[in-house]
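Q:
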Amino acid sequence: MAAISMQSLHDKLDDLYAVWQTLDASSPPEAFANFARAFFARDCTVWLASPDFGGWPIRGRGRDLQREIRAAARDMPMRGRRVDRRTDCTCRRGVGEEAETCYLVDGRVYHHTEKVEVHYNDDGLITEFKQCYSYAPVITSDP
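Here the sequence shown is numbered in this note's numbering, starting from 10 and rising by one per residue.
(1) Rounded to whole angstroms, how far is the Cβ of F44 from the Cβ of I67, which I believe are closer than 8 Å?
(2) Measure the C-alpha to C-alpha separation of Y154 and T122 and round it to an integer number of angstroms.
(3) So what does DSSP say about D115, is it helix, strand or coil?
(4) With a CB to CB cut of under 8 Å and the five nearest residues on each side skipped, what residues in its chain are close to T54?
(5) Taking R101 as the reference, which of V92, V118, N130 has the closest Cα?
(6) Whose C-alpha, out of M15, L57, R46, C98, is nearest the C-alpha of R70?
(7) To which residues does DSSP link Y129 through a beta bridge?
(8) DSSP three-state label for R70, please.
(9) Three-state secondary structure (DSSP) at D33?
(10) Here's a check: name, in chain order, each residue in its chain whose Cβ is nearer than 7 Å to the Cβ of R91, leaving out the five neighbours to either side.
(11) With distance defined between alpha-carbon atoms, name the residue in R88, V104, G64, S35 nearest to Y112.
(12) So, with DSSP's three-state summary, where would you put V28?
(13) Around the C-beta of V127, are 16 or more other C-beta atoms found within 10 angstroms, so that it is buried, or is it exposed?
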C-alpha cells in the first residue's frame with residue numbers, strides 16, 4: 010500500500026463497522042467469511058474483548074474469528090455507532106477510536122463506550138484489532 014493517509018485508515022474502519030452492523034442471526038455463514046476476508050489479514054490477531062475482562066486473542070481470519078463475530082451478531086447485534094474521538098499511530102500504520110456503540114440485547118438497547126485500536130498491513134488489511142468496551146452500559150429502551 011503506497012503512502013496511505015490516516016484518514017483512509019479511519020475510513021476503512023468506518024467501512025468495517027458499517028458492514029458489521031448489517032450482520033445478525035439471520036446472516037448466512039458466507040457473510041461472516043466475506044466480512045473476515047474483506048477486512049482482516051490471514052495472520053491477524055483480534056481481541057473482541059479486553060484481556061482485562063477475560064478476553065483472549067483470536068489468531069487469523071478463519072473459523073474462530075468468523076464464529077466469534079457470528080456469536081456477537083446473534084447475541085448482541087450492533088444497532089449504531091457514533092465516533093467521539095479518533096487518534097493516529099503513524100509508527101505502526103494504525104488508528105484508534107473511542108465511540109458510543111449501541112447493541113440490542115434481549116430487546117433492550119445498550120449504549121457502551123468502546124475503544125478500538127487497529128493496525129494495517131501494506132495491503133490495507135487489519136493485522137491487529139483490539140476492542141475494549143465498558144461493562145457499565147446505559148439501557149435506553151425496554152421491551
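Quick reminder that beta carbons are idealized off the backbone N, C-alpha and C, glycines included. The structure presented is a predicted model; accordingly, all values stated were derived computationally and were not measured.
A: Checking against the coordinates, here is how it stands:
(1) With a Cβ gap of about 14 Å, F44 and I67 do not count as contacting.
(2) No answer is possible for residue 154: it lies beyond the span of the chain, which begins at 10 and ends at 152.
(3) coil
(4) P66, I67, R68, T136, E137, F138
(5) The shortest C-alpha separation from R101 is found at N130.
(6) R46
(7) Y129 pairs with I135.
(8) Three-state DSSP puts R70 in coil, outside helix and strand.
(9) coil
(10) A108, E109
(11) R88
(12) helix
(13) buried
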